[in-house]
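Taken in order, these protein sequences are the chains called A and B.
So in our numbering, the last one in the first sequence is 303, and the numbering has no gaps at all.
So in our numbering, the last one in the second sequence is 1093, and the numbering has no gaps at all.
In this text, a Cβ means the ideal position worked out from N, Cα and C, and glycines have one as well.
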Amino acid sequence: MGAQQRVYKQKIRSAQGMKKIFKAKEMVAASRIAKAHARVEATTPYADALTRAIGSVATHSNEISHPFLDNERSQTGRAGILLVTADRGMTGPYSHNVIRAAEQLANTLRDEGKEPVMYVVGRKGEAYYRFRNRVPQRSWTPYKEDELPRLGREIAAAVTEDLISEDPSVHLDELYVVSTRFLSRFVQKAHSVRMVPMGLGDVSGANAQTYPLYEFVPDAETVVGELLPRYIQSRIVNILLQAMASEHASTQRAMKSATDNAETQIDKFTRLANSARQAEITQEITEIVGGADALSGSGRTER
Amino acid sequence: MSALDVTFVTADRTVWTGQAAQVVVPAVDGSMGILPQMQPTLAILGTGVVRIIDQDGHVEALEVEGGFASVDADIVTIGVDDAAVVEPASSRL
């Protein structure tokens, strides 16, 4: 076998090996999407219950005040950005999209004269900022998929603490969350949302939902104080779970095209190997014919 | 007799849902019993055991730490961070 053929055979084998890996990763991701999505759905009843409860307190008393509802939060000009990225690679454009969205948001905030402070989830985002010498304020890496609710609570506790802190070097005026929304297994979108200060919406308008007059235990103020941090927590947990589902969907898509590309490579190199083999055979024949011609031309009769 | 429509949820799943005759929740300022026809209430929970008693007298006890409970037209919604099922023996305390 000629050298050229051997090189092509080697490339085919390597592409076949990679194809197997990509295929396996694709199937693993595909099987996890449904499960991850079901976990997102499972948080909905709790979120609904909370939203209803907060809505009822808001309609009940107009003068409820809470640091998270105050629209004039401008003590330090520091705005927190919670960025949710992947822990692993091979997820296609998943991490890049959210990082880009976060950078855009940070630039907008800087233009408004605010100072963005990064809170990063996932190794990819953390590495991005550390490499650029802008070490995030806090980062949570690596994380485990089945511990996301616990992680969400931990993150919520940390940012809530910074939001209400009196220390000017820690205090945050605002909190934004940049993550990927899971719209369907084919569509995921990086998007940023402002978490604090939150707008309660128009609770007194004509099309506002009507809530019954509630009795509050112990009182409306305490109830709001307890419910709002819980609301943030439930939102963050939901966002993390959605991001996880999106990561799987993105991985699946990326691995699907990687598998297809590996197949194209195998096809291409098989063709090249075939033509190299054919060229070798043709050359051998030419040599034999040429040799025979030379022998017959020399006039010798016996070999 | 009317019954309570109970939904017990934690941050990441629904723990218990169904009809009950009585629900006892550990509100921050003391244990609170919920019976049908109760006035709409929104309560913050402390640490303790939530007991859901169904029409046959069967008791479902879950230990909770913080959370909230809302009662509205016989619909009871309990939301907590996490709940652990208490063994039947200790639920009679």
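Counting beta carbon pairs with one atom in the region 164–177 of chain A and one in the region 44–53 of chain A, are three or more of them shorter than 8 Å? no
Less than 7 Å separating the beta-carbons of Pro142 (chain A) and Arg123 (chain A)? The residue labelled residue 142 (chain A) in the question sits at position 142 within the first sequence. The residue labelled residue 123 (chain A) in the question sits at position 123 within the first sequence. Contact flag set, yes.
Relative to the C-alpha of His37 (chain A), which residue among A:Ala273, A:Asn238, A:Asp267 and A:Asn261 is closest? Translated into the one-based positions of the first sequence, residue 37 (chain A) becomes position 37. Looking at the Cα atoms, A:Asn238 is the closest of the given residues.
Is the region 284–301 of chain A in contact with the region 1031–1051 of chain B, if contact means three or more CB pairs nearer than 8 Å? Taking a contact to require three or more Cβ pairs closer than 8 Å, the region 284–301 of chain A and the region 1031–1051 of chain B do not qualify as touching.
So what's His171 (chain A) in DSSP terms, helix, strand or just coil? Position 171 of the first sequence, counted from the first residue, corresponds to residue 171 (chain A). In the structure shown, His171 (chain A) falls within a coil segment according to DSSP collapsed to helix, strand and coil.
Considering only the beta carbon of each residue, do Glu115 (chain A) and Gly77 (chain A) sit closer than 7 Å? Stepping through the first sequence from its first residue, residue 115 (chain A) is reached at position 115. Stepping through the first sequence from its first residue, residue 77 (chain A) is reached at position 77. Yes, the Cβ-Cβ distance between Glu115 (chain A) and Gly77 (chain A) is below 7 Å.
For the beta strand (DSSP E) holding Phe216 (chain A), just list the boundary residues, first then last. As a first step, residue 216 (chain A) must be located in the first sequence, where it is residue number 216. First-last of the beta strand (DSSP E) with Phe216 (chain A): Glu215 to Val217.
Please state the DSSP three-state secondary structure of Glu1065 (chain B). The residue you call residue 1065 (chain B) lines up with position 65 of the second sequence. Note: Glu1065 (chain B) maps to strand in three-state DSSP.
Enclosing beta strand (DSSP E) for Lys189 (chain A) [first to last residue]: Here residue 189 (chain A) corresponds to residue number 189 of the first sequence, with the count starting at 1. Segment Gln188 to Val196, the beta strand (DSSP E) holding Lys189 (chain A).
With three or more beta-carbon pairs closer than 8 Å as the criterion, would you say the region 38–46 of chain A touches the region 126–138 of chain A? no
What residues in its chain sit with their C-beta under 6 Å from that of Ala29 (chain A), if we drop five residues either side in the sequence? Position 29 of the first sequence, counting from 1, holds the residue named residue 29 (chain A). Hits under 6 Å: His248, Thr251 and Gln252.
Start-to-end residues for the alpha helix (DSSP H) that takes in Gln4 (chain A): Numbered from its first residue, the first sequence carries residue 4 (chain A) at position 4. Per DSSP, Gln4 (chain A) belongs to the alpha helix (DSSP H) from Ala3 to Ala42.
At the 7 Å Cβ level, is Thr1047 (chain B) part of the contact set with chain A, yes or no? For the purposes of this step, residue 1047 (chain B) is identified with residue 47 of the second sequence, where counting begins at 1. No - not a single Cβ of chain A is within 7 Å of the one on Thr1047 (chain B).
Distance between Thr160 (chain A) and Leu241 (chain A) (C-alpha atoms, nearest Å): Counting from one through the first sequence, the residue named residue 241 (chain A) turns up at place 241. Counting from one through the first sequence, the residue named residue 160 (chain A) turns up at place 160. So the alpha carbons of these two residues sit roughly 20 Å apart.
Residue from A:Tyr128, A:Leu109, A:Leu83 and A:Gly113 with nearest C-alpha to Gly152 (chain A): Taking the first sequence and counting its residues from 1, the one referred to as residue 152 (chain A) is at position 152. The shortest Cα separation from Gly152 (chain A) among A:Tyr128, A:Leu109, A:Leu83 and A:Gly113 belongs to A:Leu83.
Would you list the residues sitting across from Ile1053 (chain B) in a DSSP beta bridge? Along the second sequence, read from residue 1 onward, the residue named residue 1053 (chain B) stands at position 53. Partner(s): B:Gln1022 and B:Val1059.
At the 7 Å Cβ level, is Val223 (chain A) part of the contact set with chain B, yes or no? Taking the first sequence and counting its residues from 1, the one referred to as residue 223 (chain A) is at position 223. Yes, Val223 (chain A) lies at the interface with chain B (some Cβ there is under 7 Å from its Cβ).
According to DSSP, what are the bridge partners of Tyr119 (chain A)? As a working note, residue 119 (chain A) is residue 119 in the first sequence. DSSP output for Tyr119 (chain A) lists A:Leu82 and A:Arg138 as bridge partner(s).
Ile281 (chain A) classed as buried or exposed, judged by whether at least 16 other C-beta atoms fall within 10 angstroms: Working through the first sequence from its first residue, we reach residue 281 (chain A) at position 281. Label assigned to Ile281 (chain A): exposed.
Leaving out five residues on either side along the sequence, give the residues of the same chain with a beta carbon under 7 Å from the beta carbon of Val1071 (chain B). Taking the first residue of the second sequence as position 1, residue 1071 (chain B) is located at position 71. The answer, listed in chain order, is Ile1034, Met1038, Pro1040 and Thr1041.
With a 10 Å radius around its C-beta and 16 neighbouring C-beta atoms as the bar for buried, classify Pro1026 (chain B) as buried or exposed. The residue labelled residue 1026 (chain B) in the question sits at position 26 within the second sequence. It counts as buried.
Would Val196 (chain A) count as contacting chain B if we go by Cβ distances under 7 Å? As a position in the first sequence, residue 196 (chain A) is number 196, starting the count at 1. Not closer than 7 Å to any Cβ of chain B, the Cβ of Val196 (chain A) fails to qualify, so no.
Is DSSP giving Gly225 (chain A) helix, strand or coil here? In the first sequence, residue 225 (chain A) corresponds to position 225, counting from 1. In the structure shown, the three-state DSSP call for Gly225 (chain A) is helix.
Any Cβ of chain B within less than 7 Å of the Cβ of Tyr215 (chain A)? Start at 1 with the first residue of the first sequence, and residue 215 (chain A) comes out as number 215. With the sequence shown as reference, residue 215 (chain A) is identified as Glu, and Tyr is not the correct amino acid for it. So, interface residue.
Considering Cα atoms alone, identify which of A:Tyr176, A:Arg100 and A:Lys256 is closest to Met195 (chain A). On the first sequence, residue 195 (chain A) is found 195 positions in, with the first residue counted as 1. Nearest C-alpha to Met195 (chain A): A:Tyr176.
Determine whether the Cβ of Ile112 (chain A) lies closer than 7 Å to any Cβ atom of chain B. Working through the first sequence from its first residue, we reach residue 112 (chain A) at position 112. It should be noted that the sequence gives Glu, not Ile, for residue 112 (chain A). No - not a single Cβ of chain B is within 7 Å of the one on Glu112 (chain A).
Short check: CB of Arg277 (chain A) to CB of Gln5 (chain A), under 7 Å? Numbered from its first residue, the first sequence carries residue 277 (chain A) at position 277. Numbered from its first residue, the first sequence carries residue 5 (chain A) at position 5. Taking 7 Å as the Cβ cut-off, Arg277 (chain A) and Gln5 (chain A) qualify as a contacting pair.
Can you check whether the C-beta of Pro45 (chain A) is within less than 7 Å of a C-beta belonging to chain B? Against the first sequence, residue 45 (chain A) aligns to sequence position 45. Output row for Pro45 (chain A): interface = yes.
Hey, is Glu226 (chain A)'s beta-carbon within less than 7 Å of any beta-carbon in chain B? Taking the first residue of the first sequence as 1, we reach residue 226 (chain A) at position 226. By this cut-off, Glu226 (chain A) is an interface position.
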